[in-house]
DNA sequence: GTCTATAGCCCGATAGAC
DNA sequence: GTCTATCGGGCTATAGAC
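Residue numbers (my numbering), protein chains in the order written: chain C, 5 to 202; chain Y, 5 to 202.
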């Protein structure tokens, strides 16, 4: 249906505009009118395409969490060695940052906005689901003797997960053009892995 | 003067209430009326104590940056060994998180709010000033052979500074009672330092 | 599908009584 | 020093014309 297709194009364009502005200025500081202005449409008219501002926020994040689930699954299934799994998890994370840069930045910057709304609970549960994976790699590494025996699994896994995400945010915002994700993932995993094996 | 002293007490009480609410819910999501309710006063009456909401935000952060300057100065002056300086910098950071927990959390969560207002430029310049210190330790460590030679100074120093702060935020919010700052700083610096010397 | 126009709400801040 | 009362403005979202 051509009407639907044309509608989808406009819709996709507006989603992209909203994602860009939300990532640049934050959700709370970007009004519906701002998005309308940037998309060449009046604020009120956006409600023909979306039911609410949060629907738009939701559309930006839908897909990214399940994509990361799949990337982490692949990262863990390739090997049984904890150090190799760790490096693969770092690379998988940066692959996601590269595919969903706006969702990455918005999630990092607007945690409080998202946490205050029950409809975005799926983002928090995804983070906890992924933390269990990071934690399992740390525990396996300690048990198998690949990582140092004195690591606190909870502290270590939180630290590496947080460090990878915050490095990803910085990269998306400041140096995406200058440095490839493989370079960055390699340098990041080398530092963090050295701390676990050292 | 007793009137001034009594006024200062009330003022300090309101600052503490504002700091708590800003840290819990975020600045944008905490209204003047919210602070008034929590302090047992009407919103409008707060303007007898402060000129604006941002004045209150400012009072919460004033002092913490210069205190951190001093802590870092002391950390660096104690030794010339880069590894020891690194551990001292981590400890200094957590000392600051312990002394100014609300300022720490607000700074981490409301970066966008603060970055959008010129009056809070001093927070960003402080972060850059402190980053130069982290970077100098990394560079000194590489040059003196204490750290691995292949470290990218910019990436590494950003990573450790970010990782320390985000770990501090998590600690302030979730486990301040359960774990002392010395324990946490020790575990954190051990992991990060291992990545630099590994 | 986009427009005009506005309802309804919350916000920061102010004026003046007590 | 706190109150009552309110101004002026921005916001999300809606109703109905075109």
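Yeah, the Cβ is synthetic: ideal placement off N, Cα and C, and Gly gets one too.
- Cβ proximity to chain Y below 9 Å picks out 113, 114, 115, 116, 117, 120 from the region 110–122 of chain C.
- By the rule that beta-carbons nearer than 9 Å mark a contact, residue 24(Y) does not touch chain C.
- Nothing from the region 87–106 of chain C brings a Cβ to less than 8 Å from some Cβ of chain Y.
- Residues of the region 149–181 of chain C whose Cβ lies closer than 7 Å to any Cβ of chain Y, in chain order: 156, 159, 160, 162, 163, 166, 167, 170, 171, 174.
- For a Cβ distance threshold of 7 Å, residue set 32 of chain Y lies close to residue 32(C), ordered along the chain.
- Residue contact check for residue 194(C) against chain Y: a CB pair falls below 9 Å.
- Closest in C-alpha terms to residue 153(Y), from the list 73(Y), 159(Y), 133(Y), 200(Y), comes 200(Y).
- Non-local beta-carbon contacts of residue 142(Y) in its own chain, meaning distances under 6 Å to residues more than five positions away in sequence, involve 157, 160, 161 in chain order.
- Distance from the Cα of residue 28(Y) is smallest, within the candidate group 85(Y), 51(Y), 110(Y), for 110(Y).
- Relative to residue 175(Y), the option among 106(Y), 47(Y), 125(Y), 147(Y) whose CA is nearest is 106(Y).
- Scanning its chain for C-beta atoms nearer than 6 Å, with the 5 sequence neighbours on each side dropped, one finds no residue around residue 81(C).
- A straight-line Cα-Cα distance of about 24 Å links residue 189(Y) and residue 150(C).
- Closest in alpha carbon position to residue 19(Y), among 58(Y), 32(Y), 86(Y), is 58(Y).
- Look at the region 74–87 of chain C: it has no residue with a C-beta under 7 Å from a C-beta of chain Y.
- Below the 8 Å Cβ cutoff, chain C contributes 198, 202 as neighbours of residue 201(Y), in chain order.
- Less than 9 Å separates the beta-carbon of residue 87(C) from that of residue 145(C).
- Leaving aside the five residues that flank residue 168(Y) on each side, the residues in its chain whose CB is nearer than 7 Å to its CB run, in chain order, 94, 97, 192.
- Here residue 84(Y) is exposed. Its C-beta has fewer than 16 other C-beta atoms within 10 Å.
- Inclusion of residue 65(C) and residue 124(C) in the CB contact set at 9 Å is warranted, their separation being smaller than that value.
- Close partners of residue 27(Y) in chain C (Cβ separation under 8 Å) are lacking, with about 11 Å as the shortest Cβ gap.
- Residue ranges of uninterrupted alpha helix (DSSP H) with 4 or more members, entirely inside the region 92–164 of chain C and ordered along the chain, are 105–113, 115–119, 125–147.
- Taking C-beta atoms under 8 Å as the contact rule, residue 116(C) and residue 33(Y) qualify, at a distance of about 7 Å.
- For residue 176(Y), no alpha helix (DSSP H) segment is defined, and its DSSP state is neither H nor E.
- Residue 191(C) reaches chain Y at 156, 159, counting residues in chain order whose Cβ is nearer than 7 Å.
- Its Cα nearest to that of residue 140(C), the residue 165(C) stands out among 165(C), 103(C), 56(C), 25(C).
- One Cα belongs to residue 104(Y), the other to residue 56(Y), and the distance between them is close to 22 Å.
- By the Cβ neighbour-count rule, residue 198(C) is buried, with 16 or more other Cβ atoms within 10 Å of its own.
- About 21 Å separates the beta carbon of residue 60(C) from that of residue 100(C), a gap too long to meet the 8 Å contact definition.
- Closest in alpha carbon position to residue 26(C), among 113(C), 44(C), 47(C), 41(C), is 113(C).
- Residue 188(C) belongs to the set of residues whose beta carbon lies under 9 Å from a beta carbon in chain Y.
- In the structure shown, residue 46(Y) falls within a coil segment according to DSSP collapsed to helix, strand and coil.
- In the three-state reduction of the DSSP assignment, residue 67(Y) falls in the coil class, being assigned neither a helical nor a strand state.
- Setting aside the 5 residues that flank it on each side, residue 91(Y) is surrounded in the same chain by 193, each with a C-beta closer than 6 Å to its C-beta; the list follows chain order.
- With respect to the 9 Å criterion, residue 47(Y) and residue 36(Y) are classified as neighbours on the basis of their beta carbons.
- Sequence-distant partners of residue 40(C) (beyond 5 residues in either direction) whose C-beta falls short of 6 Å from its own C-beta, in its chain, are 46, 47, 50.
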